[in-house]
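Student: This structure is in structure tokens; I'll ask about it shortly.
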Amino acid sequence: MKIGVVVFPGSNCDHDCQYIFQDVLGQKVEMVWHKETLRPGLDAILLPGGFSYGDYLRTGAIARFSPVMTAVKAFANKGGLVMGICNGFQILLEAGLLPGVMLRNTSLNFICKDVFVKVENAATRFTNHCESGQVLKIPIAHADGNYYTDPVTLGGIKANAQVVFRYCTAEGKVTPEANPNGSLDNIAGIMNAEGNVLGMMPHPERCAETVLGNEAGRLIFLSMLETLHKPQLTVV
Amino acid sequence: MNASVITKAVLEQHKLSEEEYKKILEILGREPNWTELGMFSAMWSEHCSYKSSRIHLKKLPTTGPRVVQGPGENAGVVDIGDGLCAVFKMESHNHPSFIEPYQGAATGVGGILRDIFTMGARPIALLNSLRFGGLDNANTRHLLKGVVSGIAGYGNCMGVPTVGGEIVFNDIYALNPLVNVFCLGIAKRDKIFLGKAAGVGNPVIYFGSKTGRDGIHGATMASDSFDEEAAQKRPTVQVGDPFTEKLLLEACLELMSGDCLVGIQDMGAAGLTSSACEMASREGTGVELDLAQVPRREPGMTPYEVMLSESQERMLMVATAGREDEVIKICRKWDLDVAVIGRVTDTGKVVLTENGQVVAEVPAKALADEGPRYDRPSAPPAYQDMLQALNYDALPDVKDANAALLALLDSPTIASKRWVYEQYDHMVRTNTMVRPGSDAAVLRVKGTNKALALSVDCNARYCLLNPYEGAKIAIAECARNLACSGAEPIGVTDCLNFGNPQRPEVMWQFLLAIEGLKDACEAMNVPIVSGNVSFYNETNDLSIYPTPMIGMVGLIEPADRAVTQWFKQNGDAIILLGNTREDLGGTEYLKVLHHREQGSPPLLNLDTEKAVQACTIHLIREGLVQSAHDCSDGGLAVALAECCISGSGERLGAMVQLSLDGLRRDALLFGESQSRILLSVKPHQEERVLSLAKEAAVPAAKIGTVGGNRLVVQVAGDQRIAGCTVDQELTALHEQWARAIPRALGQD
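Protein chains in written order, with my numbering: chain A, 2 to 237; chain B, 110 to 857.
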């Protein structure tokens, strides 16, 4: 498998994503510079976390205009797997590949800590290694993770099972106290209607190795690889 | 410029003495022009020239088998094996942070990061040591919030994790907070870059941000005391742009991966002036620069302004002649300004031209290395005897140990710093094995089976009471923090924060602290490879406590042996290494409960310290230790409470029995005797651990057992007074400790 990791100016989790796929999971990784386009032969695209364009103007608002995004959209529209983590999620929202927007955390502070998320939909191309309702401990690190959208869109993504992860307690209860940033309906991650584009605020690449004391994030990457090994699940 | 412009008042503005001005006249053989005067002023400032400290810093031990680069470069370099080096340094940004906390702290982070990646290292960790006044002061709360968000704003955006640090609150810092930032990077042993202008004819290339009018005379401002007018100095504070710095970092590392780079230095304090003359001076060459080529933010800037601007995120490099296009291409890829602004010469001079006219011509060495050196007079302060005299007989012993423990856990200096470190990305780059909140941060080194442990430390109250002992303890405690994670110390960086060196009592503190650092480093066999001196930390004639901050790096191998400070399992035996004596002088207990900062600091025996640390590291490497925690601020009772409540998982209580052995109860529970480490070990390994400690001649005793949801500390032989037993539910202890800072900030 060959995973493309897009490098925007200000991306800072690009090396972490590369490390997980290449060094930990033994896949090929191609770093894609944002001023270039996607070369053929990529099986999935990852938009990493960071501060693309310094988060100036609004998170992800400038990165959506990077030349590479035209190709990323085309890749997604053909059914290719695209995953955005943290700033990558914010870029996917700004680019219109996922519905909704990100607001500032209700605390107004950057927050870095472990949170718990509940797998709301385990039948996706990104979560097929998880159990439905499984609770994953995954760290967050962001100042703008307060997901928001209008009631109609929210109703639509819920009805369509596009809400993939929600913030919860260690026991799996979705409560306001378990919500670190004020996001609507405790949403931590969503996918598009077609199920091939996922955005999530927590960082699975930070918890996919024994040496770091937590391997929960590995389930998500293994799910993606499983999907890619069974081509009938993707329609590239 | 007419030379008669240089009057006494002008010299005063430039913080140059008449003596120093005479020396400039001698060097040049003529009167300097305005630009040259500005360059001398900046380079001969205390901040850049170390004129009051240089002769004393020479006493510090700076060599060792691992040392690749000692002090004098942008950062120190220590070999960690596998062809890799740890590159690290600590620096202060105290003055700017007081004037403008967000930008002051942010640009402090930016500056230390540049020092590290300039050497060819990728920065992988930041730590910080902060000192503020009491949180009951509204301005202090403003400063704390500003500094923390400034550090977060810059470090988070750069993608370099802030993995640890320490904060002390004391009124003495109310008008002079300290912001010391430490950075560590990893470089290949054979790819270390130095700041040298080598190869006559090679191009001198400027890249990064454009030069603006900000930060002019920042170095001079940082070499002066403060008064009510401090706020007017705001224009001397620079404004940081972490996004550009991130581009600069990646561009530098890309440039360094090739072979076209000869030397490189960042433009920090004294901007283009310092980078140009230091690079030439180190190599014994000269440089000729055409100022018209310097990328500028606005038109009309004078040579004086261009040379003294401290605009951030700028670099100066010397490349191999003929390879200019490669350099320019990489800089443009990262959307950075870049320009060839001059050439290396063999004249030994920094020659500046603008539109064909020479606007300044100064010997590089004279600016960089031949500044004034002072052996300033020193004398103990008149109040020193009074500070050290403490009549313990007049001090009532503790009557309610529970209340005293809760009061200590509520002291912001001891309380949980979670409010702070949750605002820092402490996990990016996925190396953080031990996060903030344990004795030391631990990071794995990718591609090896090693980990590095990092700690910063200094108890300035000890240093006030006895600068020699205090400085020794700073080294010992920092190393002890590393030992508690299983790491052997391999290198030190220091950041020496003191008052006005023209006061004999400040110089006295400084000289004794240097002696203490020297003796402790020699005994512990760990070299000081980089550092920084920050003088003039005084406002309205009040100096801060002498604060020689220490940053230390330790090596753990194999990486998975690293341990943390909190208890792990019910039933584990709690073992105390080291002896408890009547060490109440200078303790947090005396300050919080008796409002006194007096007495003699705890006695430190360096041989005992070494033995205790070596024993701890050995036990950890043998896999015999579940948790290890240093006893420091707040003594044994606070250390035990921290073992119970500081972990992120399930909290485990403890049942502990101590014996008084003729000590005061408060000294037993809250005294800060040095060289003590609390271990927890599996029950079946208790005998083995005790016998290994005995073999190593380290005092060791089982004092209790892990378990339950309370911390109970009973003092044998003292049952007649019920009040000296600690017996608290962990939830109560945790609540007190975890919420103290948010409470003080009104955010609870």
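Note that the Cβ used here is the ideal one computed from N, Cα and C, for glycine as well.
1. Can you name the residues of chain A whose CB is closer than 8 Å to the CB of Pro351(B)?
2. Which residues of chain B have a Cβ atom closer than 8 Å to the Cβ of His16(A), listed in chain order?
3. Report yes or no: is there a C-beta of chain A within less than 8 Å of the C-beta of Met365(B)?
4. Please say whether Val116(A) and Ile139(A) have beta carbons closer to each other than 8 Å?
5. So, with DSSP's three-state summary, where would you put Asn237(B)?
6. Would you identify the three-state DSSP class for Ile450(B), choosing helix, strand or coil?
7. So, are the CB atoms of Gly11(A) and Gly55(A) less than 8 Å apart?
8. Residues in its own chain within less than 7 Å of Ile754(B) by CB, not counting five upstream and five downstream?
9. Where does Tyr533(B) sit, in a helix, a strand or coil, going by DSSP?
10. Which bits of chain A does Gln532(B) rub up against, with CB to CB less than 8 Å?
11. Going straight from the alpha carbon of Thr454(B) to that of Ala475(B), what length do you get?
12. For a quick check, are the C-beta atoms of Val288(B) and Ser384(B) less than 8 Å apart?
13. Does the beta carbon of Pro10(A) come closer than 8 Å to any beta carbon on chain B?
14. Strictly below 7 Å CB to CB, what residues from chain A border Asn265(B)?
15. Please compile the residues from chain A whose C-beta is within a distance smaller than 8 Å of the C-beta of His859(B).
16. So which of Gly294(B), Gly185(B), Leu253(B), Val436(B) has the shortest CA-CA distance to Ala234(B)?
17. Spatial neighbours of Gly304(B) within its chain, please: C-beta separation below 8 Å, excluding the five flanking residues on both sides.
18. Is it right to say Val237(A) is buried, meaning 16 or more other beta carbons lie within 10 angstroms of its own, or is it exposed?
19. Residues in the region 194-223 of chain A with C-beta within 8 Å of chain B's C-beta atoms, listed in sequence order?
20. Between which two residues does the beta strand (DSSP E) containing Gln374(B) stretch?
21. In the DSSP assignment, the beta strand (DSSP E) including Glu463(B) goes from what residue to what residue?
22. Asp17(A): which of Val164(A), Glu210(A), Glu227(A), Val120(A) sits nearest, CA to CA?
23. With 8 Å as the threshold, decide whether the Cβ of Leu58(A) is near any Cβ in chain B.
24. Going by the CB atoms, is the gap between Leu236(B) and Leu907(B) shorter than 8 Å?
25. Can you tell me which of the three DSSP states Val7(A) falls into?
26. Under 8 Å between C-beta atoms, does Met110(B) make it to chain A?
27. Which chain A residues are close to Leu356(B), counting only those with a beta carbon under 7 Å from its beta carbon?
28. Just to confirm the assignment, what range does the alpha helix (DSSP H) spanning Met225(A) have?
29. Is the Cβ of Met542(B) closer than 8 Å to any Cβ of chain A?
30. Short of 7 Å in beta carbon distance, which residues of its chain neighbour Val815(B), apart from the five on each side in sequence? Order them along the chain.
31. Across which residues does DSSP place Arg298(B) in a beta bridge pair?
32. Are there three or more Cβ pairs, one per stretch, closer than 8 Å when the region 647-659 of chain B is compared with the region 734-744 of chain B?
33. Measure the CB-CB distance between Val551(B) and Ile276(B) and report whether it falls below 8 Å.
34. Give the single residue among Gly262(B), Pro655(B), Leu664(B), Val257(B) whose Cα lies nearest to the Cα of Ala549(B).
35. At which residue ranges does the region 406-444 of chain B contain complete beta strand (DSSP E) runs of 3 or more residues, listed in the order of the chain?
36. Under 8 Å between beta-carbons, which chain B residues line up against Tyr20(A)? List them in chain order, please.
Tutor: So, to answer that:
1. Phe52, Gly55
2. Arg538
3. For Met365(B), the answer is no, since every Cβ of chain A falls outside 8 Å of its Cβ.
4. yes
5. strand
6. strand
7. yes
8. Arg760, Leu839, Leu842, His843, Trp846
9. coil
10. Taking a Cβ-Cβ cut-off of 8 Å, the neighbours of Gln532(B) in chain A comprise Asn110, Phe111, Ile112, Cys113, given in sequence order.
11. 16 Å
12. At least 8 Å separates the beta-carbon of Val288(B) from that of Ser384(B).
13. yes
14. By Cβ distance, chain A contributes Phe111.
15. Outside the shown range of chain B, which is 110 to 857, sits residue 859(B), and nothing can be said about it.
16. Nearest option by C-alpha distance: Gly294(B).
17. Glu182, Asn183, Thr227, Gly372, Ile373, Gln374, Ser384, Glu387, Met388, Arg391
18. Bear in mind that a pLDDT of 38 at Val237(A), under 50, signals an unreliable position, so the number given afterwards is only what the model happens to contain. Burial call: exposed.
19. His204, Glu206, Arg207, Glu210, Val212, Leu213, Gly214
20. 370-375
21. Under the DSSP assignment, Glu463(B) falls in the beta strand (DSSP E) whose first and last residues are 458-463.
22. Glu210(A)
23. Chain B contact via Cβ: absent.
24. Residue 907(B) falls outside the range modelled here, since chain B spans only 110 to 857, and no answer is possible.
25. strand
26. With a pLDDT of only 44 at Met110(B), under 50, the local geometry of the prediction cannot be trusted, and the value read off the model is given with reservation. Judged by the 8 Å Cβ criterion, Met110(B) is not in contact with chain A.
27. Ordered by position in chain A, the residues that pass the 7 Å Cβ test against Leu356(B) are Pro10.
28. Counting along the chain, the alpha helix (DSSP H) containing Met225(A) begins and ends at 219-230.
29. yes
30. Phe676, Gln678, Asn679, Gly680, Asp681, Ile683, Leu761, Ala763, Ser789
31. Answer is none; Arg298(B) lacks a bridge partner.
32. no
33. no
34. Leu664(B)
35. Here the runs fully enclosed are 423-428.
36. Thr539, Lys555
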